Structures are given as C-alpha cells and as structure tokens.
Amino acid sequence: MSSLTNKNVLLGVTGGIAAYKSAELIRRLSELGADVRVVMTRAAQEFITPLTMQALSGNPVHTDLLDVAAEAAMGHIQLARWADIIIIAPCTADFIAKLATGEGSDLLSTVCLAAKSDLAIAPAMNQAMWGHQATQANLAQLIDRGVKVWGPASGEQACGDVGLGRMLEPSEIASCAEACFDSGVLAGKKVVLTAGPTREAIDPVRYISNHSSGKMGYALARAAAEAGAQTILISGPTNLPPPADVEFIAVESAEQMNAAVMARIENAQVFIGAAAVADYRPVQCAAAKLKKTASETMSIELTKNPDIIAGVAETNQVACVIGFAAETDNLLEYARAKRVNKKLDMVIANDVSQPGIGFNSDNNNVTVIDANGETEIAGLSKYQLAKQLIQLIAQKI
Ligand code: C5P
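Written as structure tokens, this is what we have:
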C-alpha cells in the first residue's frame with residue numbers, strides 16, 4: 001500500500017507551460033490512493049482548463065478567493081485545514097516570490113498562508129529566471145522556512161533554452177510526495193553506506209580513480225534516511241551535496257574508507273557498499289611530484305586494497321550486507337559470483353557499458369540478486385530505484 005493512500009493532497013497549479021503535466025500528476029497521485037483537490041491561479045487557467053482538472057481529480061476545482069458560492073462550499077481556510085500536503089506544480093518564479101513575501105493576493109497564496117501542512121513546490125521556469133539572484137534568494141527563504149523544493153530538472157525547455165528549470169516528471173513528484181508520508185520502514189535501524197569513487201595517490205598531485213559519480217549511493221542514503229534509519233554515508237570525492245538527515249563522512253582513499261566503515265559499523269543492521277572502491281593502490285605514494293624521464297614507459301607497482309564489503313560481511317554482525325556489481329560484460333555471471341565469494345545477502349547488478357544507465361547517469365536498470373532469486377528493476381530514476389531497494393532491504397531485516 002502506498003503511503004499516500006487516503007491522504008488529502010491539495011495540488012496548486014500556477015501559470016507555466018508545464019501546467020499540462022499537472023493533469024498527469026493528478027492521475028499518478030490518485031493511483032497511489034490520494035484524494036486530490038486542485039487550486040488553480042488565473043494564469044494556470046490560460047494553460048489548462050479547470051474542467052480537465054475536475055474530471056481527473058473527481059473534485060470541484062477551486063479558482064477564486066472572492067467567489068461567494070465557492071467559499072461557502074469549501075473556503076480557503078477549510079481547504080488549508082483539509083490538506084495533508086500542498087504541492088504546487090508547476091510553481092512559477094512569480095509564485096515563488098509571492099510565497100517568499102507572504103502575499104495573500106489570490107486563493108492559492110492565501111491557502112498556503114493559512115495551511116499548517118507540509119508545503120512542497122516543483123519549480124518550472126526558463127533557466128535564466130531560475131538562475132536569477134532574486135529567484136534564488138526567494139528560494140533560500142522558502143527552504144529556510146521548511147518548504148520542500150522538488151527539482152527543477154535540467155534539459156531542453158519549451159522556449160528552446162537548455163538548462164535547469166524543467167519541472168520534474170509527474171511520477172517523480174508523486175514519489176517525492178510518497179516519501180513525505182513514508183511511515184519509516186527502517187525506523188530504529190542503523191544503515192551504513194559507502195558511495196562514490198576512491199582516489200589512490202601516486203604522488204602529491206596525481207591519483208588513480210574511476211568514473212563513479214556517487215549518485216546511486218547518495219540516493220540510497222537519502223531513501224534510507226527518509227525511511228527513518230540512522231544513516232551514515234561514507235563517501236569518496238563527488239560533486240553531490242550530502243543528503244538531509246544523513247551523517248556524512250568524506251574520505252579519499254580505499255584505506256580511509258575502510259577505516260571509516262570499520263569505526264562505525266558496530267550495531268548497524270544494514271551495510272550498503274555502493275562505492276566504486278579501487279581494487280589496487282600504488283605501493284608507494286611519492287613524497288614529491290614524479291618527473292618525466294627519458295624512458296618511453298613507466299610502471300607503477302600496485303598493491304591490493306582491503307575489500308571493505310567482504311570485511312563487513314566477515315564480521316557476521318550486520319544482518320543485511322548489500323553490494324553492487326558494476327560490470328561491462330558477463331554481468332550476471334560476475335554478480336552471482338560476487339554474492340557468493342564476498343558472502344553478501346544481496347547484490348545489485350548494473351551494466352555500466354550501457355549509455356543512459358550506470359555510473360554518471362540519473363537512471364539505472366538493475367538486477368537484484370539474493371538467495372531467493374533474481375529480479376529486474378528497470379526504467380526508474382536512481383532515487384526511485386533507491387526507494388524500492390530500501391523497501392526490499394527493510395523486508396529482509
Ligand atoms: O569486486 P568488486 O569491486 O567488483 O565488487 C563490488 C562491490 O564490492 C561493491 O559493493 C563495492 O562497494 C565493494 N567493494 C569494497 N571494497 C573493495 C572493492 C569493492 O567494498 N576493495
């Protein structure tokens with residue numbers, strides 16, 4: 001059952017071209033069991049009709065603050081009290097500014113002022129408007145006040161520009177909404193994760209590393225924290241901000257990662273090794289920058305790094321140890337062997353040779369391998385996939 005079942009979702013629609021996607025969002029939210037009521041601004045009605053939204057939500061659409069009949073039926077204060085969550089999608093730069101200044105100049109802004117429920121916005125606008133100092137300053141105020149900001153995504157825009165400003169897809173917004181009501185399947189549990197690449201120093205300025213972006217591990221840490229777990233994320237260098245409500249430890253090398261994991265694994269019920277740990281490191285890190293020589297070749301002698309996840313499994317103290325198998329060939333064969341050899345409870349196999357999934361991408365197709373068999377999960381963003389994996393893990397423990 002979805003955590004949105006029987007929840008009252010007030011969907012605010014403001015005037016942007018992405019408003020047509022709100023119709024799809026109503027469907028997604030309804031499928032998950034939510035009761036959806038729609039409030040539209042005047043500008044939103046230029047892009048999509050209240051009739052469409054009424055037909056899809058099965059409820060009358062609210063458009064006017066000063067309509068006597070509508071106020072008598074369900075006025076702005078009742079609407080605000082009714083909502084378990086308010087989601088504004090799309091949310092324009094103008095409406096972000098309204099929320100920031102606390103205006104109550106139309107029905108939607110008034111409902112937002114009167115509501116005590118969670119408020120989430122899915123911004124959608126031209127990339128220059130999104131990047132403008134005024135918009136960013138307004139957003140910072142909203143975030144400070146606890147408003148949830150979902151997106152925007154990057155990509156081609158209706159105006160022809162490319163950049164940040166696209167509204168998240170309806171299914172992603174629906175997932176974010178579900179996460180707000182997740183009852184915490186991992187409440188009271190401790191989850192330790194590794195993520196990102198490691199860097200193995202050759203000399204003070206050079207290192208051996210790999211293309212891991214850390215996205216999958218960070219998405220899993222976010223999903224674990226949202227599921228109520230005490231979450232510790234031990235990460236190699238990435239460009240990602242640490243997820244909210246996660247204890248974050250930054251490391252560089254495999255040896256540092258290993259030490260950080262071993263120092264924190266006690267009393268953990270779940271360990272997820274999503275890091276792309278370098279298997280080998282240079283035997284020596286030169287004290288000074290290595291110089292070019294006359295020779296056409298050079299060799300660096302490497303030595304094996306500790307296998308962090310195998311070390312965790314070896315302790316026999318963690319109920320569920322989950323590893324990743326990122327391969328370019330013989331994916332399932334290698335992944336099955338990894339599960340047995342490293343004594344893992346679950347291996348998540350992904351083919352990093354495929355464009356659009358794997359290391360640097362936002363999506364992932366994986367096969368989950370455990371003692372019960374193999375399940376393919378495809379076509380999801382890394383965050384949606386992380387949420388599904390956390391549910392599977394919770395069932396295991
Ligand atoms: O052996 P391979 O690197 O392919 O195994 C991948 C899995 O093992 C991942 O879960 C990765 O995080 C983990 N691993 C580790 N320590 C290593 C190498 C891999 O924890 N030294």
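Numbering follows my numbering, in which position 234 of the sequence shown is assigned residue number 234; successive positions increment by one, without gaps.
Ideal Cβ positions, reconstructed from N, Cα and C, are used throughout, including at glycine.
What you are looking at is a predicted structure, and each value in this text was computed from that prediction instead of being measured.
| Asked | Found |
| --- | --- |
| Any heavy atom of the ligand C5P closer than 8 Å to the Cβ of Pro237? | no |
| Could you tell me which residues DSSP puts in a beta bridge with Ala432? | The structure shown does not extend to residue 432, since the chain spans only 1 to 397, so no value can be given for it. |
| Does DSSP classify Gly273 as helix, strand or coil? | strand |
| What residues are listed by DSSP as bridge partners for Asp245? | Asp245 is not bridged to any residue. |
| Beta-carbon separation of Ala89 and Ser117 under 9 Å? | no |
| Which first and last residues belong to the beta strand (DSSP E) in which Pro282 is found? | Tyr280 to Pro282 |
| Can you tell me whether Val61 sits near the ligand C5P, meaning its C-beta is under 8 Å from at least one heavy atom of the ligand? | no |
| Which residue wins for smallest C-alpha separation from Ser353, given the options Thr14, Pro170, Val312 and Val366? | Val366 |
| My assumption, with CB atoms under 8 Å, is that Ile272 sits in contact with Met257. Please give the rounded CB distance. | Going by Cβ atoms, the distance from Ile272 to Met257 rounds to 13 Å, so no, they are not a contact pair. |
| Could you give the first and the last residue of the continuous alpha helix (DSSP H) run that contains Val261? | Ala254 to Arg264 |
| Distance check for Ala326 and Arg222, CA to CA, integer angstroms please. | 21 Å |
| Using 8 Å as the Cβ pair cut-off and three pairs as the minimum, do the segment 194-206 and the segment 156-167 touch? | no |
| May I have the straight-line CA-CA distance separating Gly228 from Val191, to the nearest angstrom? | 10 Å |
| In three-state DSSP terms, what is Arg42? | coil |
| Do the CB positions of Ile377 and Val347 come within less than 9 Å of each other? | no |
| Taking the alpha helix (DSSP H) that Ser109 belongs to, which residues open and close that run? | Leu107 to Ala114 |
| Using 8 Å for Cβ pairs, my map puts His307 next to Lys343. What's the rounded Cβ distance? | First, the residue type needs correcting, since residue 307 is Asp and not His in the sequence shown. Rounded, the Cβ-Cβ distance is 11 Å, inconsistent with contact. |
| Helix, strand or coil, according to DSSP, for Glu319 in the structure here? | One point to set straight first is that residue 319 is Ala, not Glu, in the sequence displayed. Coil. |
| How big is the Cα-Cα spacing for Leu96 and Glu252? | The sequence given here has Ile at residue 96, not Leu. Those two C-alpha atoms are separated by around 39 Å. |
| Just to be sure I understand the criterion: a residue counts if its Cβ is closer than 5 Å to at least one heavy atom of the ligand C5P. Which residues meet that? | Gly273, Ala275, Val277, Asn305, Asp307, Ile308, Ile309, Gly323 and Phe324 |
| If you count every other CB in all the chains shown that lies within 10 Å of the CB of Cys159, and 16 or more means buried, which is it? | exposed |
| Are the beta-carbon atoms belonging to Glu301 and Val283 less than 9 Å from one another? | yes |
| Within 10 angstroms of its Cβ, does Tyr20 collect 16 or more other Cβ (buried), or is it exposed? | exposed |
| Leaving out five residues on either side along the sequence, give the residues of the same chain with a beta carbon under 7 Å from the beta carbon of Glu178. | Ser2, Ser3, Leu4 and Leu32 |
| Rounded to whole angstroms, how far is the Cβ of Thr194 from the Cβ of Ala274, which I believe are closer than 8 Å? | 6 Å |
| Please classify Ala219 as buried or exposed, where buried requires at least 16 neighbouring CB atoms within 10 angstroms. | buried |
| One question on the structure: do Ala225 and Pro243 come within less than 9 Å of each other, judged by their Cβ atoms? | yes |
| Do you know how far the Cα of Ile48 is from the Cα of Gln157? | 18 Å |
| Report, in whole angstroms, the separation of the C-beta atoms of Thr101 and His76, which I expect to be a contact under 8 Å. | About 18 Å separates the two Cβ atoms, so there is no contact after all. |
| For the segment 35-52 against the segment 130-147, do three or more pairs of beta-carbon atoms, one drawn from each stretch, fall closer than 8 Å, so that the two count as touching? | no |
| Helix, strand or coil: how does DSSP classify Arg28 here? | helix |
| Beta-carbon within less than 6 Å of Glu103's beta-carbon, same chain only, minus the 5 sequence neighbours each way: which residues are those? | Ser109 |
| Measure from the alpha carbon of Leu10 to the alpha carbon of each residue in Cys112, Glu71 and Leu385, then state which is nearest. | Cys112 |
| Assuming contact is defined by CB atoms lying nearer than 9 Å, are Ala278 and Asn210 in contact in what I supplied? | yes |
| Helix, strand or coil, according to DSSP, for Pro355 in the structure here? | coil |
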